[in-house]
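J.: In this text, residue positions in the sequence shown follow the numbering used here: the first is 1025, and each later residue adds one.
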Amino acid sequence: YPTIETMAQSFLALQRLLAKTGFTVVKVRNRYMQDGLFTVHGASFRNDPAFRQAYQRGVRASRGVDPEFEWRVHTALWAASTALKAAGDFVECGVNAGFMSSAIMQFLNWNETGRNFYLIDTFSGPVLEQYSTSEVSAGRVGLAKQTLAAGGYVTDLDRVRANFADWNGARVIPGAVPEILETVEWSQVAFVHLDMNCAWPEQQALEFFYPRLSPGGIILFDDYTYFGHEAQTAAISETASRLGVKVLALPTGQGL
């Protein structure tokens, strides 16, 4: 039988060999590994009761479907909590079942805030004509059609309204961005979450809301650097540059 020393030497040799080919060996037990993100760093937020309640409220909005993106939700809850210190209402463009916005409203005890949360979506799936040539070439339209056919996009508006009936100030607004934005009487905005999976409407929403963002307000992009969403990265970066700001790329795929 091999000795412990021999096994250790063999393991180190394997590590060096894998490193030369671009791979590494790490201990995965008790590590975070979800949603395209793997890290050996701590994720103690997962044990926070307030986080767990918020996350489960999101799962409830999705009727038990857990997308397993806890770190993404953790980021959104931090951003929303920080934005609560700024003046103005909250906005989400790309609501679907309401997973993220439900988690946020649960976490912030929304009925105590006295604010509006504008929840904007077509509630009929993405507007396919809005996809750019590069997004079509990358298969985004085909994926959107498959997701819609599989029921991944919620089209039952009554279901959505019933989900948000728990909270005062929840304004469910069906319509496509950017056209629908002009129909709302906006005041100051403290928090914007953009999750439309398409470059053009997110670019338009950024241009629309940035001038309305109050000091200390936050805009969070759900898919800014997410795998397969390179067109969004380029479009949002270009728009942000014109506005004189930079987007912080996050390893969750989000942008801040």
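Just so you know, even glycine gets a beta-carbon here, dropped at the ideal spot from N, CA and C.
Can we say the segment 1123-1143 touches the segment 1257-1271, given the rule of at least three CB pairs closer than 8 Å?
T.: Counting Cβ pairs under 8 Å, fewer than three are found: no touch.
J.: Considering only the alpha carbon of each residue, which of ALA1264, ALA1107, ASN1071 and MET1220 lies closest to LEU1152?
T.: Taking only the C-alpha atoms, the option nearest LEU1152 is MET1220.
J.: How should LEU1181 be labelled, buried or exposed, when 16 other C-beta atoms within 10 angstroms of its C-beta is the threshold for buried?
T.: Its Cβ having fewer than 16 others within 10 Å, LEU1181 is exposed.
J.: Name the two residues that bound the continuous alpha helix (DSSP H) containing SER1126.
T.: Taken as a continuous stretch (DSSP letters only), the alpha helix (DSSP H) holding SER1126 covers 1123-1131.
J.: Thinking C-alpha only, which one of GLN1033, ALA1104, ARG1195 and GLY1122 is nearest TRP1210?
T.: Considering only alpha carbons, the answer is ARG1195.
J.: Report the option in ALA1214, GLU1254 and GLY1199 whose CA atom is closest to the CA atom of THR1207.
T.: Out of ALA1214, GLU1254 and GLY1199, GLY1199 has the C-alpha closest to the C-alpha of THR1207.
J.: Is the beta carbon of ALA1127 less than 8 Å from the beta carbon of GLY1241?
T.: Not in contact: ALA1127 and GLY1241 (Cβ atoms no closer than 8 Å).
J.: Can you tell which of GLY1193, TRP1224, ALA1189 and ASP1113 has its C-alpha closest to the C-alpha of ALA1085?
T.: Here the closest residue by C-alpha is ALA1189.
J.: Under 7 Å Cβ to Cβ from GLN1278, same chain only, skipping five residues before and after it: list those, please.
T.: For GLN1278, where only same-chain residues beyond five positions count, the Cβ hits under 7 Å are ARG1096, THR1099, LEU1244, PHE1245, ASP1246 and TYR1248.
J.: What residue does the alpha helix (DSSP H) around GLU1116 start on, and which one ends it?
T.: That residue, GLU1116, is in no alpha helix (DSSP H); its beta strand (DSSP E) goes 1113-1117.
J.: Report yes if the CB atom of GLY1149 is closer than 8 Å to the CB atom of ALA1168, and no otherwise.
T.: Contact: yes.
J.: Got a sec, what are the start and stop residues for the beta strand (DSSP E) THR1063 sits in?
T.: Per DSSP, THR1063 belongs to the beta strand (DSSP E) from 1061-1063.
J.: Could you tell me whether the segment 1110-1122 touches the segment 1064-1078, using the rule of 3 or more Cβ pairs below 8 Å?
T.: Short answer: they don't touch.
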